[in-house]
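Asks: In this note's numbering, the protein residues as written are 3 to 156. Ideal Cβ placement from N, Cα and C applies to all residues, glycine included.
(1) Is any non-hydrogen atom of the ligand FAD found closer than 6 Å to the C-beta of residue 81, if you look at the structure I gave you?
(2) Could you name the residues that DSSP lists as bridge partners for residue 118?
(3) Tell me the rounded alpha-carbon separation between residue 41 and residue 140.
(4) Taking all protein chains shown into account, decide if residue 71 is buried (16 or more other Cβ within 10 angstroms of its Cβ) or exposed.
(5) Looking at C-alpha atoms only, which residue of 68, 108 and 129 is the closest neighbour of residue 118?
(6) With 16 other CB atoms within 10 Å as the buried threshold, where does residue 142 fall?
(7) Quick one: grab the DSSP three-state call for residue 58.
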């Protein structure tokens, strides 16, 4: 299991996105990137988090940052989720959890006494040169987008 720290170069990746797109992290250099890992499309917490990022898009544009949501959901599920929630940023699909493992977000979780593997809600702020500037592990959705905006403003 990889453990990334502030100051590390963000692991590069190329993943399929909603609407048959493709995203390569290193192609986004020159602009700050907010990369948020979330467990699953169309679940309450993930919907709230994604809509909070959507609603703050003008602020992120003003702060010179782009947003990418990433989960293990298929491109087809991303298409449905993005259309239903009117999301205005790409959703990357990591169906084999390769990127999740490289970012250390694929973890053992437990619910109702059962343990299972899943994505730990985590956000990475990556600078213009591809270096991790800040990491929010075990994100609590309420107020998270404001924390990310504050870090970008600092």
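Replies: Answer, in terms of the structure:
(1) As far as ligands go, the structure on display features none, and thus does not contain the ligand FAD.
(2) For residue 118, the beta-bridge partners assigned by DSSP are 111.
(3) About 11 Å.
(4) Residue environment for residue 71: buried (at least 16 other C-beta atoms within 10 angstroms of its C-beta).
(5) Of the listed residues, the one whose Cα sits closest to residue 118 is 108.
(6) The residue is exposed, with fewer than 16 neighbouring Cβ atoms inside 10 Å.
(7) Here residue 58 sits in coil by DSSP.
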